[in-house]
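Student:
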Amino acid sequence: HASLPLVINTWPFKNATAAAWSVLQSGGSVLDAVEKGCARCEIEQCDGSVGYGGSPDESGETTLDAMIMNGDTMDVGAVADLRRIKNAIGVARAVMERTDHTLLVGESASVFAENMGFIAEDLTTNRSLNTFSQWLKGNCQPNYRKNVFPDPSISCGPYKPRVTLQRRKRVRHMYRHSHD
Amino acid sequence: TIGMIAFSQDGHVAAGTSTNGLMHKVPGRVGDSPIVGAGAYADSSAGAAAATGDGDVMMRFLPSYLAVELMRAGADPSAACETAISRIKRHHSEFFGAIICANTTGHYGAACNKSPGFSKFQYMVRDSKSDTPVLKSVDCI
Chain A
37 HASLPLVINT
47 WPFKNATAAA
57 WSVLQSGGSV
67 LDAVEKGCAR
77 CEIEQCDGSV
87 GYGGSPDESG
97 ETTLDAMIMN
107 GDTMDVGAVA
117 DLRRIKNAIG
127 VARAVMERTD
137 HTLLVGESAS
147 VFAENMGFIA
157 EDLTTNRSLN
167 TFSQWLKGNC
177 QPNYRKNVFP
187 DPSISCGPYK
197 PRVTLQRRKR
207 VRHMYRHSHD
Chain B
305 TIGMIAFSQD
315 GHVAAGTSTN
325 GLMHKVPGRV
335 GDSPIVGAGA
345 YADSSAGAAA
355 ATGDGDVMMR
365 FLPSYLAVEL
375 MRAGADPSAA
385 CETAISRIKR
395 HHSEFFGAII
405 CANTTGHYGA
415 ACNKSPGFSK
425 FQYMVRDSKS
435 DTPVLKSVDC
445 I
């Protein structure tokens, strides 16, 4: 089963696939198609693992990661730990087209995005706030800390490093809607 | 997380990802999605791939880059995807993860790592043989 053009994406995010395909059908580039397709999921918050209002970190904040790559030129733009900007893949494309860098991260990436005209807004929603408060009520479980005290498997932080380091098997963090 | 790869009629290729990452992560934590060769990789002379799952583990193996290089060497997309997953499986037998791969002729495939609660991976395909996006799935290895 081989034919071109072709759009494939992870998970059953059908609207994103359709958005990308319609860009190709209307003469847009494959870069435009990927950007619009992923942006559709950012707007629709696909399964809670894309876009604002999902996956709050230990401080309750939602931060975004994204990248875009041009297979003809090997140009790449990416953002990580992006705060307060909803359209992460749009900022990733701006990194590719408006800098000679590849990856911008964190607060400074957000400042770059605002300078490039992206709107700063709160990425927290009632849903992410509720997820966060449930987590706090559940003694901050699950979490990604290890070799710290108090014991991260039963209590919240703040944490301090434990004097002794124990090598332990990685805890399986498999939560259906908590993934990259 | 969404990982997407797109191929035009005349052989242009692009890849992209977007995600809000893992829930309850340590502030400042970055996953594999924005890391070139991990979250996604595209090369119009070989193909493209995009990965999804536990980014802390997957980024250490650059699965998307590996898959594209295997397709460059002639592997079919399904085999390329499976090798990329197997490489990680060797060190993290129960990691949560999946990958989609496609080469420049429009052949495509996917693979995922079987782990408790995850035995089938669903992904979307749209090409000119169907008039709507088609839901595909692959059994995990």
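Chains as they are written, first to last, in the working numbering: chain A, 37 to 216; chain B, 305 to 445.
Beta carbons are placed, not taken as given, at the ideal position from N, Cα and C, and that holds for glycine.
Just so you know, these numbers come straight off a predicted model, no measurement behind them.
1. Which one or two residues does DSSP pair with A/K196 in a beta bridge?
2. Could you name the residues that DSSP lists as bridge partners for B/R430?
3. CB-CB under 7 Å to A/Q202, same chain, minus the five flanking residues each way: which ones, in chain order?
4. Could you name the residues of chain B that A/E94 contacts, counting a contact when the two beta carbons are closer than 8 Å?
5. For A/L60, which residues of its own chain have a beta-carbon under 6 Å away from its beta-carbon, when the five flanking residues on both sides are left out?
6. What first and last residue would you give for the alpha helix (DSSP H) that runs through B/M362?
7. How far does the beta strand (DSSP E) with B/T323 in it extend, from its first residue to its last?
8. Under 7 Å Cβ-Cβ, which residues of chain B neighbour A/D117?
9. Within 10 Å of its beta-carbon, does A/P188 have 16 or more other beta-carbons around it, so buried, or fewer, so exposed?
10. Is there contact between the stretch 125 to 132 of chain A and the stretch 40 to 59 of chain A, where contact requires at least three CB pairs shorter than 8 Å?
11. How about A/D101: is its C-beta nearer than 7 Å to some C-beta of chain B?
12. Give the single residue among B/K440, B/M327 and B/K418 whose Cα lies nearest to the Cα of B/R394.
13. Identify each residue in the stretch 166 to 190 of chain A for which the Cβ-Cβ distance to at least one residue of chain B is less than 9 Å, and report them in chain order.
14. For B/R376, tell me which candidate among B/H411, B/R391 and B/A355 has the shortest Cα-Cα distance.
15. Do you know offhand how far A/F148's Cα is from B/G320's?
Tutor: Taking the definition as stated:
1. As a working mapping, residue 196 of chain A is identified with position 160 in the first sequence. A/K196 pairs with A/F185.
2. Within the second sequence, residue 430 of chain B is the residue found at index 126, counting from 1. Paired residue(s): A/V43.
3. Position 166 of the first sequence, counted from the first residue, corresponds to residue 202 of chain A. Excluding positions up to five away in sequence, the list reads N183.
4. Against the first sequence, residue 94 of chain A aligns to sequence position 58. Correct list: H328, K329, V330 and P331.
5. Position 24 of the first sequence, counted from the start, is the residue given in the question as residue 60 of chain A. These residues qualify, in order along the chain: P41 and A69.
6. The residue you call residue 362 of chain B lines up with position 58 of the second sequence. Looking at the DSSP string, the run of the alpha helix (DSSP H) that includes B/M362 is G359 to M362.
7. Looking up residue 323 of chain B in the second sequence gives position 19. Start and end: V317 to T323.
8. Indexing the first sequence from 1 puts residue 117 of chain A at position 81. Within 7 Å Cβ-Cβ: G332 and V334.
9. Within the first sequence, the letter at position 152 stands for residue 188 of chain A. By the 10 Å Cβ count, A/P188 comes out buried.
10. no
11. To locate residue 101 of chain A, count along the first sequence from 1; it is residue 65. Cβ-Cβ to chain B under 7 Å: yes for A/D101.
12. On the second sequence, residue 394 of chain B is found 90 positions in, with the first residue counted as 1. Here the closest residue by C-alpha is B/K418.
13. T167, F168, W171, C176, Q177, P178, N179, Y180 and R181
14. The residue given as residue 376 of chain B occupies position 72 in the second sequence. Comparing Cα-Cα distances from B/R376 to each of B/H411, B/R391 and B/A355, the minimum goes to B/H411.
15. The residue given as residue 148 of chain A occupies position 112 in the first sequence. The residue given as residue 320 of chain B occupies position 16 in the second sequence. About 20 Å.
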